[in-house]
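Following: one structure in structure tokens, then a few remarks.
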Amino acid sequence: MKGFFITLEGTEGAGKSTLMDFIGDLLSKSGKQVLLTREPGGTKTGEKIRDILLDSNNTGLTDDTELLLMFAARAQHIEEIIKPALALGKVVICDRFTDASYAYQGGGRGVDHTRIKQLEDWVQKGLQADLTLLFDLDVEIGLRRAGKRSEADRFEQEEIGFFQRIRSCYLERAENEPERFKIIDAAKSFEEVKQQITEILQMKKLC
Ligand code: TMP
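Residue numbers 1481 to 1687, in the working numbering, belong to the letters of the sequence shown in order.
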């Protein structure tokens, strides 16, 4: 693969979607060809799966169904969008990827990590993010921010302990893979967060 694969992660309200545009602009200005995408979603099929996953009326989804739908959307996304873009040498920036499955379905729901690993191996066939920016923030502050933004989706309706387990899982993964993960303090001002991101991208010689 000639390109570079960046994933953005974090609990709710950490601001990663807004910052994705900032990162995209920064890299485009440095002459990179950039593709912005998201999970679950990123393809026509994936966006339909996203609707099912986020619809708060779908109260009966089992944990296994949720996990399998995440990976069904991901399988389509990788083959249709991510791999072809990387093969063309693009920088792919994805709002959430497999770390979210470990954090939300593993940490949050309690699904066994070996199950997630099996799906990861099957669907990704060795594809991994080159860089993962983890936007870390106190869970209560994040939920307050997210609540102001829009009506709660199926995940945002969960209790606070769910998000605390997710945050712990993300931080543990970051600790175990310090080369790939960079933690951003998302409690800082927007300007300071942008500065942190710029320094990381410069360090990686992307801008
Ligand atoms: P978003 O709010 O960042 O757009 O993501 C949609 C929701 O999907 C968010 O609550 C996290 C959740 N999610 C998972 O639970 N597992 C996954 O693998 C992914 C990609 C997202």
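Just so it is clear, CB atoms sit at the ideal spot from N, CA and C, and this is done for glycine as well.
- Scanning E1489, K1482, R1624 for the CA closest to the CA of R1653 turns up E1489.
- Apart from the 5 residues on each side of it in sequence, A1565 sits with its Cβ closer than 8 Å to the Cβ of G1483, L1515, V1572 in its chain, given in chain order.
- The beta carbon of L1613 is closer than 6 Å to those of L1488, K1662, I1664 in its chain, skipping five residues each way along the sequence.
- The beta carbon of Q1676 lies closer than 6 Å to those of I1664 in the same chain, with the five residues before and after it left out.
- A straight-line Cα-Cα distance of about 18 Å links D1601 and I1561.
- It is roughly 19 Å from the alpha-carbon of I1680 to the alpha-carbon of Q1608.
- Positions of the alpha helix (DSSP H) runs, each at least 4 residues long and wholly inside the stretch 1590-1655, are given as 1593-1604, 1619-1629 in order along the chain.
- Listed as beta-bridge partners of C1574 by DSSP are T1487, T1517.
- Partner residues in the beta bridge of K1662, as assigned by DSSP, are L1613.
- In the assembly as shown, G1522 is a buried residue. Its beta-carbon has 16 or more other beta-carbons within 10 Å.
- When the beta-carbon positions are compared, D1544 and V1591 come within less than 9 Å of each other.
- Distance from the CA of K1674 to the CA of M1500, rounded to the nearest whole angstrom, comes to 10 Å.
- If you check the C-beta of L1516 against the ligand TMP, you find no heavy atom less than 8 Å away.
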